[in-house]
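Chains C and S are the protein sequences, given in the same order. Mapping of the first sequence onto this note's numbering: residues 1224 to 1486, in sequence order. Mapping of the second sequence onto this note's numbering: residues 5 to 248, in sequence order. We put the CB at the ideal spot given by N, CA and C, even for glycine.
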Amino acid sequence: MIRALWTAATGMAAQALNVDVIANNLANVNTTGFKRGRANFQDLMYQQIKSAGAEASAAGTQLPTGIQVGLGVRAAGIESIFLEGSFKNTSNPLDLAIEGRGFFQILMPNGDLAYTRAGAFSMDNQGQIVTSDGNVLQPAITIPPDALTINIGADGTVSVEQPGGASTVVGQIQLADFSNPAGLTHLGHSLFQANNASGQAITGNAGANGLGNLGQGTLEMSNVNIVEEMVNLIAGQRAYEMNSKAVQAGDEMLQTANNIRRG
Amino acid sequence: MSVGIYIAGAAGQMAQHKLNDISHNLANVNTAGFMGSRSTFTTQLSNQITGNSTQAAPAFAKYGNQFIDMEEGSIKQTGNDLDFAIQGQGFFRVGLADGSEAYTRAGNFKLDANGTLLTQGGYSVLNTSGSAIQLQPGHITANQEGALFVNGNKVADLGLVKIRDASKIDKVGETLVKTPAANTEQASQDITVHQGALEGSNVNAILAMTELIDTMRSYQATMKVVEQFDQQSSLLSNKVGSIK
């Protein structure tokens, strides 16, 4: 049978994955702290028909070039692009944006740590700073119930003003960084998990050791660029169509061959 | 049987091979740093096969050679710090698991947990002296000569080579190519590296679609010839000598 059928099918499968990733990016165009994904592709192995340098005649002449038939394409991986999203001013004292590298550390219900750049925090019934899913920001910081204003400095120091005008420091938010943020596992809910590819979390205070400063009253928006995604969507869809045409061509050629002998 | 039916059959086979090549190029129309390839076909005189040199000899089509399209793919801006595009006929040096070296134009690199710079296939990207590149956490920048900086401090130079003779390139998959070390030379000043940009596939989709149609039609034409030979021999066996 014609290899082209399967070769073009790998192209269709790859472009379908590409469109899946783009659709997820577009769906999250307004998700706080979302990092867009990108599917990376590579060519598959080659079948050697003639090797370059093989002997072409008894006189010892050599073939200057070989013949290799490629077998299509495969997805090498879906990579998260950790470019900073644009910042939006919200004036909400518990909205935090990281200006630069770093992740907030979140304690999951199962006791594991997860990491996020979505800094839309709130308070739970005990006054602890929690994510919108109710998971506690680490190190845990409790805001006293009589706090009038909450102030979070660029270095993550959380201080509250209580009746009487006294300002008390109640904790400091620490950030985590990774050698390879792109290797983090997506958990959904704008959360990431460390794994062998990302490396261990390196924690530190905001603004120190290459970690970014915190911006209070600001949120980091999704880093999805709509125009870029739309262009990628068009390119992906057209590439899918072209590959389907190659399948069709292979099919028609087989049909032609089948029709040679009639009756 | 007439030799013609085999000639037409061989031509059809070559059209199938050509379709395989086009499909592979089309499958990689969105693969960063991919270089398309094309096969050429030559003729083989039938009297070289039969040994009968007195007759005027019809010729068979057969595989000639293959060449890799070295044209640059279009470069698109991605803004990603670990994307690098080469302007000019250069390649990044890549170290394979067996210690040998391969080359690539796909500059969509990534890091591992130790900060080693890797290709998407997980092979280490080499510096000018042929060793892997380690990058500490920090802001990564690059200049046009391919020097890498972390937080403004120079840490490595990307290894860049030029390939002298493109016909000696072997593709090995994973957007890597191999060629003997003697066929490479240190990249010169006319090659520049652009950070935050990525070279797309150099497959020309319009040309590939045109070739696809052309290949299909020439296949149909050669198959028609096979059909004619079939009918001819059927006439010969059914009509000649029949008494009406």
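Item: Pairwise C-alpha distance: residue 212/S and residue 1405/C; Value: 34 Å
Item: Contact between the region 151 to 167 of chain S and the region 1246 to 1253 of chain C (3+ Cβ pairs under 8 Å); Value: no
Item: Span separating the alpha-carbon of residue 1257/C from that of residue 40/S; Value: 35 Å
Item: Anticipated Cβ contact below 8 Å, residue 12/S with residue 230/S, distance rounded; Value: 5 Å
Item: 7 Å Cβ cutoff met for residue 128/S and residue 94/S; Value: no
Item: 7 Å Cβ cutoff met for residue 196/S and residue 148/S; Value: yes
Item: Close Cβ partners of residue 172/S (< 7 Å) along its chain, the five nearest in sequence each way excluded; Value: 183, 184 and 187
Item: Backbone CA spacing between residue 1295/C and residue 1472/C [nearest angstrom]; Value: 16 Å
Item: Own chain, CB closer than 8 Å to residue 113/S, minus 5 neighbours either side, in chain order; Value: 86, 87, 88, 121, 122, 123, 124 and 129
Item: C-beta contact flag for residue 1440/C and residue 1313/C at 7 Å; Value: yes
Item: Test: residue 1501/C CB closer than 7 Å to a CB of chain S; Value: Examination of residue 1501/C is not possible in this model, given that chain C is present from 1224 through 1486 alone.
Item: Contacts of residue 171/S in chain C (Cβ-Cβ under 8 Å); Value: 1275, 1287 and 1288
Item: Residue range of the beta strand (DSSP E) that includes residue 96/S; Value: 94 to 99
Item: 7 Å Cβ cutoff, residue 1/S in contact with chain C; Value: No statement about residue 1/S is possible, as the shown extent of chain S runs from 5 to 248 and does not include it.
Item: CB-CB length for residue 1226/C against residue 24/S, believed under 8 Å; Value: 5 Å
Item: First and last residue of the uninterrupted alpha helix (DSSP H) at residue 10/S; Value: 7 to 31
Item: Extent of the continuous beta strand (DSSP E) to which residue 1341/C belongs; Value: Premise fails: residue 1341/C is in no beta strand (DSSP E) and is neither H nor E.
Item: Environment of residue 168/S [buried if 16+ CB atoms lie within 10 Å]; Value: exposed
Item: Buried or exposed (CB count within 10 angstroms, at least 16 for buried), residue 1437/C; Value: buried
Item: Against chain S: residues of the region 1390 to 1407 of chain C by CB proximity under 8 Å; Value: 1400, 1401, 1402, 1403, 1405 and 1406
Item: Length of the line joining the Cα atoms of residue 1298/C and residue 219/S; Value: 28 Å
Item: Interface flag, residue 75/S vs chain C, CB-CB below 7 Å; Value: no
Item: DSSP state of residue 232/S mapped onto helix, strand, coil; Value: helix
Item: Counted within 10 angstroms of its Cβ, other Cβ atoms place residue 118/S as buried (16 or more) or exposed; Value: exposed
Item: Nearest-angstrom Cα separation, counted from residue 103/S out to residue 1431/C; Value: 39 Å
Item: Residue 1325/C, DSSP secondary structure in three states; Value: coil
Item: is_contact[residue 1416/C, chain S] using C-beta, thresh 7 Å; Value: no
Item: Alpha-carbon to alpha-carbon, residue 1386/C and residue 199/S; Value: 53 Å
Item: Cutoff 7 Å; reference residue 84/S; Cβ partners in own chain excluding five residues on either side; Value: 200
Item: Beta-bridge pairing of residue 203/S - partner residues as DSSP gives them; Value: 79/S
Item: Contact under 7 Å by Cβ, residue 1303/C with residue 1342/C; Value: no
Item: 4 or more residues per run - each alpha helix (DSSP H) lying fully within the region 1417 to 1479 of chain C; Value: none
Item: Chain C contact for residue 227/S (CB, 7 Å cutoff); Value: yes
Item: Residues sharing a beta bridge with residue 120/S, DSSP; Value: 138/S
Item: Every unbroken beta strand (DSSP E) within the region 1326 to 1398 of chain C, with a cutoff of 3 residues, ordered by chain; Value: 1326 to 1330, 1336 to 1339, 1359 to 1361, 1372 to 1375, 1380 to 1385 and 1389 to 1395
Item: Beta carbon proximity, residue 1296/C to chain S, threshold 7 Å; Value: yes
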